[in-house]
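In UniProt numbering, the protein residues as written are 1 to 394.
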Amino acid sequence: MQSPFRNKEDVRQQNDYHHKELMQYPAVYGNKSSKSLWSKSITIRKIAVFSVVVSFLLYVLWGTINVTVVDSTIGTLPDDSNRNRINELQLVCNEVFTDNRDFIQNQPRKNYDTLPVIYFVTPTYPRREQAPELIRLAHTLLHVPRIHWILANDYNACNAYLDGFLVKLGLPFTHLASPMPEFYRKKKPMPRGVANRRGAIQWIRQRNITNGILYFGDDDNTYDLRLFSEIRETQRVSMFPVGLIEEYSVSGPIVKKGKVVGFLDSWVAERRWPVDMAGFATNLAYLAEHSNASMPYKPGYEEDLFLRSIKLNLNIIEPKARNCTEILVWHTQTKTRERATLRISNKYLDDRSNLGGLIKSLDAMGVASASDNEGQRTVISKNGKARPLSYFLS
Numbered sequence: 001m002q003s004p005f006r007n008k009e010d011v012r013q014q015n016d017y018h019h020k021e022l023m024q025y026p027a028v029y030g031n032k033s034s035k036s037l038w039s040k041s042i043t044i045r046k047i048a049v050f051s052v053v054v055s056f057l058l059y060v061l062w063g064t065i066n067v068t069v070v071d072s073t074i075g076t077l078p079d080d081s082n083r084n085r086i087n088e089l090q091l092v093c094n095e096v097f098t099d100n101r102d103f104i105q106n107q108p109r110k111n112y113d114t115l116p117v118i119y120f121v122t123p124t125y126p127r128r129e130q131a132p133e134l135i136r137l138a139h140t141l142l143h144v145p146r147i148h149w150i151l152a153n154d155y156n157a158c159n160a161y162l163d164g165f166l167v168k169l170g171l172p173f174t175h176l177a178s179p180m181p182e183f184y185r186k187k188k189p190m191p192r193g194v195a196n197r198r199g200a201i202q203w204i205r206q207r208n209i210t211n212g213i214l215y216f217g218d219d220d221n222t223y224d225l226r227l228f229s230e231i232r233e234t235q236r237v238s239m240f241p242v243g244l245i246e247e248y249s250v251s252g253p254i255v256k257k258g259k260v261v262g263f264l265d266s267w268v269a270e271r272r273w274p275v276d277m278a279g280f281a282t283n284l285a286y287l288a289e290h291s292n293a294s295m296p297y298k299p300g301y302e303e304d305l306f307l308r309s310i311k312l313n314l315n316i317i318e319p320k321a322r323n324c325t326e327i328l329v330w331h332t333q334t335k336t337r338e339r340a341t342l343r344i345s346n347k348y349l350d351d352r353s354n355l356g357g358l359i360k361s362l363d364a365m366g367v368a369s370a371s372d373n374e375g376q377r378t379v380i381s382k383n384g385k386a387r388p389l390s391y392f393l394s
């Protein structure tokens, strides 16, 4: 077939015609320079679109990974140790892998029945910290054989939670409700714990218990288990130092040649017996010899006046704790705060979650309670974000 362009001249003329035609529409077709710019513009746009797509894919991928591992990373603070090159010191001072524990009394369990019973009197009162204080103390007393725990609560009715708590422990116990008389509640300072100790003494007398050891142990103190072995041997009245008392950080007897000759205590205040309530134990047979023995409602002088009421004198005091050189009881004190009220709608305290049961337990222990319209606004958090209860429980 014959070509549409018969010769080279026809081809040249045809090309010239098309060139002139294109030059008539420079805005549409452009010249050589504009073609180059347009080509570059397309390339830049392609790169920009590609970057956006890649960024989006990376964002989606990161979100997927973050959701997968969020439970193991949430709440984790950055570790500065590598960046700051912290010098950390670790010394293994000693190691023992053999169990060398003895019985508390250092004698066979079969002989426990012959030991004198310790009547451990604990005055307590309703507050936010009451339950944890008593739980901690109870797990000390669980290690002690032949002990009867007299828990005297400063409340005008029996406490169901305390009853259940004491029963579950398995210890011999007496739970008393012995509230402070209203007359003394108005006094400043209040004679806290006196009504409880008086109630315990009255309980012992009513049952004519004259064998055993009487010891007043507060619910917030810390006790070395050796203390119980030592006070169990008390013939009349034994004494020993108490740590963390006032300015001296200690209160206790001064012993010379095995005899008590004076007392180390930062608050003398004309007290004949300047000792802490946890710093002495009394044999119940000796207490029974003094029918008028009592503890008065006089803040700061309870120990002194009780010991005066049993006709104590220096010659009969039995120093314990290696001639009063060791601390076997500490007057520790827990920081106290008001009982918490959580503002939670009652509709969220049903069985859809554990929240209702948890609040019920806290309320029974006197730690916290819930209210529809009072107290601290309550939120639940997840992944570091606080949410209203409705977000999880509706």
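Backbone N, C-alpha and C define an ideal beta-carbon position, used for all residues, glycine too. Since we're looking at a predicted model, the values are computed, not measured.
With respect to the 8 Å criterion, Asp220 and Glu133 are classified as neighbours on the basis of their beta carbons. As a beta-bridge residue in DSSP terms, Ala386 pairs with Ser381. For Lys256, the beta-bridge partners assigned by DSSP are Lys259. With a threshold of 16 other beta carbon atoms within 10 Å, Phe280 meets it and is buried. Excluding five sequence positions before and after Ser178, the CB atoms of its chain that fall closer than 6 Å to its own CB belong to Ala152, Ala195, Asn196 and Gly199, given in chain order.
Nearest C-alpha to Lys257 among Ala386, Glu318 and Glu129: Glu318.
Under the three-state reduction of DSSP, Phe173 is assigned to strand. Ranking Ser369, Leu389, Ala364 and Glu374 by CA distance to the CA of Leu162 puts Ala364 first.
Residue pairing for Tyr223: DSSP places it in a beta bridge opposite Val329. Shown here, His139 sits in a helix according to DSSP, grouped into three states. In the displayed model, Tyr348 falls within a helix according to three-state DSSP. DSSP lists no beta-bridge partner residue for Leu115. Within the same chain, and ignoring the five residues on either side of Pro296 in sequence, the residues whose Cβ sits closer than 6 Å to its Cβ are Leu305.
When secondary structure is reduced to three states using DSSP, Tyr215 falls in the strand class.
Note on Ser371: under 16 other CB atoms within 10 angstroms of its CB, so exposed under the neighbour-count rule.
Comparing alpha carbon positions, the residue from Leu284, Lys298 and Gly356 closest to Phe183 is Lys298. A buried status is given to Trp149, since no fewer than 16 other beta-carbon atoms sit within 10 Å of its beta-carbon.
A residue is called buried when at least 16 other Cβ atoms come within 10 angstroms of its Cβ; Ser51 does not meet this threshold and is exposed. Contact between Val242 and Ser251 holds: their C-beta atoms lie close to 5 Å from each other, under 8 Å. For Val53, the number of other beta carbons within 10 angstroms of its own is below 16, and it is reported as exposed. Scanning Cys324, Leu89 and Met180 for the CA closest to the CA of Pro126 turns up Met180. Scanning Ala269, Glu230 and Val379 for the CA closest to the CA of Cys324 turns up Glu230.
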